[in-house]
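Peer 1: Got a structure for you, questions after.
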Amino acid sequence: MLSSFLVATLCAVVLWNLPKSELREVTAPLVEPVVNLTGLDQRWNLFAPNPPRMTYETVARIEYADGGLVLWQPPRNDRWRKWLGAIRSERSRRLWEPTAAWIAEHHDRGGRRPVRVELVLRSLELLPPGSGQPEPAWQEEIFYTHDVPRGGAS
Amino acid sequence: MTTVASRPVGGMADRLVGLWNEFWFKPTSTATLALVRIAFGGVLLAWCVFMSFDLLAFFSDSGILPERVAYPWTWSLLEVFSSDIALVALFGLLVVAAICIIVGYHTRLASLVAFVVLLSFERRNLLVLNAADILLRLFALYLALAPAGAALSVDRWRHHRDRFWEFPARAPWALRLVQVQISVLYLFTVWLKLQGSPGTRGPPCRTPCASSRSPASTFPPGSTRRRWSRTWPPTARSPSRRPWPCSSGTAGPGPGSSPVGWPCTCPSWPPSWSACSR
């Protein structure tokens, strides 16, 4: 009985962690419900097969009603980096508004009211070590502008 | 003939069964399991401490993700109990569970609670988590299946006070599952890595190296982010008070100007203090 459980668990873990392959695609419909329901799902590619060639940062430019500007940078921890990395793509469009609204809400203090929050994506191409090429410049792009409604930051 | 031919096959099968049983079920000392439990509890408690700063931002309905992204076949207690009070209560439960795991008090139950709460948080907002968070949840699950409170624990003290410092032997199959899970992860990562390029584009350590040139390093020496934020508006809006030479009052084309509309042209963007204050 216990051996059956172990075999089933091993199969689920191995099949779910398989790299992209035909075997994984065939078995995924069977394995996915099991690993998702039981919490056995996990993926950890450790930069495989290739490490990133660009580095990205997302910052926010906050404009206040009195004309002041503040550059918001996320706290330097991995979770904020993960979040801002996840929302930068077009398919995460619906996450831009709540993120900007949250930033506005948390800068609405001391009598100063944010009127606009712009999410800015900064990117830098990573050169191979010792390439001899000049360091590329950071590129910036505003990918979302949030106009804060009057009467509330959110 | 049949009997002669089946002997080696039967012998091989017996050997495999024997190896299987030895690997999963041969009783071994629970000392390792006790150390794993204590270390896991400590890591979980530290996880709670660090997560507490951003708990509402990440997991509350008023945070950065107002609604859970429901992937197929996933569940979360925070879907049922979505108020901020429930969120804080669940988080408190996780802290209590972590302490119980460290001291080994009702270890299985505490591990099960930790697993359910961790899973609920992870399913609520997966986008703020990394692989190590998922590993923490898996450890909680496997600890709930293991006799993790059999040694060096309050449970041991309650039931076998006179033999507290003994480490009873138990079947190690749950600990083996942890080992197999980690091994599978690394094995397939190596496999995946072998299919990639030979790394001529530079190793991942370039990312933190590059990050050292990021805006955080452009604060004036000794200043804090808050102070920089406070001083930004007046210097930006009052040309006479700008600490750096501006070629014009507004961002414009030219080297170093910012396409995002910072109101001052500067050799680099965001304005590097060292570059701009000269």
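Protein sequences, first through last, are from chains A and B.
Per my numbering, the first sequence starts with residue 96, numbered consecutively.
Per my numbering, the second sequence starts with residue 1468, numbered consecutively.
Just so it is clear, CB atoms sit at the ideal spot from N, CA and C, and this is done for glycine as well.
Using a Cβ cut-off of 9 Å, which residues of the stretch 1494-1526 of chain B contact any Cβ in chain A, in chain order?
Peer 2: The residues in question are F1517, M1518, F1520, D1521, A1524 and F1525.
Peer 1: Is the separation between the beta-carbon of V108 of chain A and that of Q1648 of chain B shorter than 8 Å?
Peer 2: The residue you call residue 108 of chain A lines up with position 13 of the first sequence. The residue you call residue 1648 of chain B lines up with position 181 of the second sequence. For V108 of chain A and Q1648 of chain B, yes; Cβs fall inside 8 Å.
Peer 1: Just checking: is the beta-carbon of P231 of chain A within a distance shorter than 8 Å of some beta-carbon in chain B?
Peer 2: Translated into the one-based positions of the first sequence, residue 231 of chain A becomes position 136. It does not: the Cβ of P231 of chain A has no partner Cβ on chain B nearer than 8 Å.
Peer 1: Just the C-alpha distance for V243 of chain A and W111 of chain A, rounded to the nearest angstrom, thanks.
Peer 2: The residue you call residue 243 of chain A lines up with position 148 of the first sequence. The residue you call residue 111 of chain A lines up with position 16 of the first sequence. One C-alpha to the other measures close to 43 Å.
Peer 1: Report the residues of the stretch 194-207 of chain A with a CB closer than 7 Å to any CB of chain B, ordered along the chain.
Peer 2: So the list reads T194 and W197, given in the order they occur along the chain.
Peer 1: Using a Cβ-Cβ distance under 8 Å, would L118 of chain A count as near chain B?
Peer 2: As a position in the first sequence, residue 118 of chain A is number 23, starting the count at 1. No, no contact with chain B.
Peer 1: Between which two residues does the beta strand (DSSP E) holding H46 of chain A run?
Peer 2: Nothing in the structure corresponds to residue 46 of chain A, since chain A is present only between 96 and 249.
Peer 1: By the three-class DSSP mapping on this structure, what secondary structure does L164 of chain A have?
Peer 2: Here the question's residue 164 of chain A lines up with position 69 in the first sequence. In the structure shown, L164 of chain A sits in a strand (DSSP, three-state: E or B).
Peer 1: Please state whether DSSP places V129 of chain A in a helix, a strand or coil.
Peer 2: Translated into the one-based positions of the first sequence, residue 129 of chain A becomes position 34. Helix at V129 of chain A.
Peer 1: Quick check on the burial criterion: 16 or more other C-beta atoms within 10 angstroms. Buried or exposed for I1552 of chain B?
Peer 2: Start at 1 with the first residue of the second sequence, and residue 1552 of chain B comes out as number 85. I1552 of chain B should be labelled exposed.
Peer 1: Alpha helix (DSSP H) containing M96 of chain A: first to last residue?
Peer 2: Here residue 96 of chain A is taken as the residue at index 1 of the first sequence, counted from 1. It is not in any alpha helix (DSSP H) - M96 of chain A carries neither H nor E in the DSSP assignment.
Peer 1: Whole-angstrom Cβ separation of T104 of chain A and L1644 of chain B, contact assumed at under 8 Å?
Peer 2: Reading the first sequence from its first residue, position 9 is the one you call residue 104 of chain A. Reading the second sequence from its first residue, position 177 is the one you call residue 1644 of chain B. Going by Cβ atoms, the distance from T104 of chain A to L1644 of chain B rounds to 6 Å, so yes, they are a contact pair.
Peer 1: Taking a contact to mean a Cβ-Cβ separation below 8 Å, would you say I157 of chain A touches I198 of chain A in this structure?
Peer 2: Here residue 157 of chain A corresponds to residue number 62 of the first sequence, with the count starting at 1. Here residue 198 of chain A corresponds to residue number 103 of the first sequence, with the count starting at 1. Yes. Within cutoff.
Peer 1: Could you tell me whether the stretch 1534-1542 of chain B touches the stretch 1580-1591 of chain B, using the rule of 3 or more Cβ pairs below 8 Å?
Peer 2: Contact between the stretch 1534-1542 of chain B and the stretch 1580-1591 of chain B is present, because at least three Cβ pairs lie under 8 Å.
Peer 1: If you drop the 5 nearest sequence neighbours on each side, which residues of the same chain put their C-beta closer than 6 Å to that of W167 of chain A?
Peer 2: By one-based count along the first sequence, residue 167 of chain A stands at place 72. Hits under 6 Å: A155, I157 and I198.
Peer 1: For P146 of chain A, does the count of other Cβ atoms within 10 angstroms reach 16, so buried, or fall short, so exposed?
Peer 2: Position 51 of the first sequence, counted from the start, is the residue given in the question as residue 146 of chain A. Looking at its Cβ environment, which holds 16 or more other Cβ atoms inside 10 Å, P146 of chain A is buried.
Peer 1: Between I1531 of chain B and chain A, is any beta-carbon pair separated by less than 8 Å?
Peer 2: On the second sequence, position 64 is the one that residue 1531 of chain B refers to. So yes, I1531 of chain B belongs to the interface.
Peer 1: The beta strand (DSSP E) with Y253 of chain A in it runs from where to where?
Peer 2: Shown here, chain A extends from 96 to 249; a query on residue 253 of chain A therefore has no answer.
Peer 1: Going by DSSP, name the residue or residues bridged to T1495 of chain B.
Peer 2: Reading the second sequence from its first residue, position 28 is the one you call residue 1495 of chain B. B:R1637, per the DSSP bridge assignment.
Peer 1: Mind checking if A181 of chain A is an interface residue toward chain B, Cβ cutoff 8 Å exclusive?
Peer 2: Numbered from 1 along the first sequence, position 86 holds the residue referred to as residue 181 of chain A. Yes, contact with chain B.
Peer 1: Whole angstroms are fine: how far does the CA of W1640 of chain B sit from the CA of V1516 of chain B?
Peer 2: Position 49 of the second sequence, counted from the start, is the residue given in the question as residue 1516 of chain B. Position 173 of the second sequence, counted from the start, is the residue given in the question as residue 1640 of chain B. So the alpha carbons of these two residues sit roughly 31 Å apart.
Peer 1: Taking the beta carbon of P1614 of chain B as the centre, do at least 16 other beta carbons fall within 10 Å, making it buried, or is it exposed?
Peer 2: Indexing the second sequence from 1 puts residue 1614 of chain B at position 147. So P1614 of chain B counts as buried.
Peer 1: Tell me where the alpha helix (DSSP H) around L1545 of chain B begins and ends.
Peer 2: Taking the first residue of the second sequence as position 1, residue 1545 of chain B is located at position 78. Note, L1545 of chain B: alpha helix (DSSP H), L1544 to V1547.
Peer 1: With distances taken Cα to Cα, identify the nearest neighbour of D173 of chain A among B:I1568, B:L1596 and B:T1497.
Peer 2: Taking the first residue of the first sequence as position 1, residue 173 of chain A is located at position 78. Checked all of B:I1568, B:L1596 and B:T1497; the closest Cα to D173 of chain A is B:L1596.
Peer 1: Which residues in the same chain have their Cβ closer than 6 Å to the Cβ of G1616 of chain B, if we skip the five residues on either side of it in sequence?
Peer 2: Stepping through the second sequence from its first residue, residue 1616 of chain B is reached at position 149. Hits under 6 Å: G1571, T1574 and D1622.
Peer 1: Is the stretch 221-228 of chain A touching the stretch 185-201 of chain A, taking contact as three or more C-beta pairs under 8 Å?
Peer 2: Output reads no: the stretch 185-201 of chain A does not touch the stretch 221-228 of chain A.
Peer 1: Would L1642 of chain B pass as an interface residue toward chain A - the criterion being a Cβ-Cβ separation below 8 Å?
Peer 2: Start at 1 with the first residue of the second sequence, and residue 1642 of chain B comes out as number 175. Judged by the 8 Å Cβ criterion, L1642 of chain B is not in contact with chain A.
Peer 1: Taking 8 Å as the CB-CB cut-off, is D242 of chain A touching chain B?
Peer 2: Walking along the first sequence from the start, residue 242 of chain A turns up at place 147. So, not an interface residue.
Peer 1: So, helix, strand or coil for R208 of chain A, using DSSP?
Peer 2: Within the first sequence, residue 208 of chain A is the residue found at index 113, counting from 1. Here R208 of chain A sits in coil by DSSP.
Peer 1: Is the shortest distance between the beta-carbon of Q1662 of chain B and the beta-carbons of chain A less than 8 Å?
Peer 2: For the purposes of this step, residue 1662 of chain B is taken as the residue at position 195 of the second sequence. So yes, Q1662 of chain B belongs to the interface.
Peer 1: For a contact defined as C-beta to C-beta under 8 Å, what are the partners of L1604 of chain B on chain A?
Peer 2: Sequence index remark: in the second sequence, residue 1604 of chain B carries index 137 (1-based). The amino acid at residue 1604 of chain B is misidentified as Leu; the sequence shows Arg. Neighbours of R1604 of chain B on chain A, chain order: G134.
Peer 1: Does any residue of chain B have a CB that is nearer than 8 Å to the CB of E185 of chain A?
Peer 2: Position 90 of the first sequence, counting from 1, holds the residue named residue 185 of chain A. No, its Cβ sits nowhere closer than 8 Å to a Cβ of chain B.
Peer 1: Check whether the Cβ atoms of L219 of chain A and P231 of chain A sit closer than 8 Å, and answer yes or no.
Peer 2: Here residue 219 of chain A is taken as the residue at index 124 of the first sequence, counted from 1. Here residue 231 of chain A is taken as the residue at index 136 of the first sequence, counted from 1. Yes, they are a contact pair.
Peer 1: Where does L1532 of chain B fall in DSSP's three states?
Peer 2: By 1-based counting over the second sequence, the position of residue 1532 of chain B is 65. If DSSP states are grouped into helix, strand and coil, L1532 of chain B belongs with coil.
Peer 1: Using a Cβ-Cβ cut-off of less than 7 Å, give me the residues of the stretch 103-132 of chain A that come near chain B, in sequence order.
Peer 2: Hits within the stretch, in order: T104, L105, V108, V109, N112, L113, P114, E127, P128, N131 and L132.
Peer 1: Quick one: Cα of W178 of chain A to Cα of I1601 of chain B, how far?
Peer 2: Taking the first sequence and counting its residues from 1, the one referred to as residue 178 of chain A is at position 83. Taking the second sequence and counting its residues from 1, the one referred to as residue 1601 of chain B is at position 134. C-alpha separation (whole angstroms): 16 Å.
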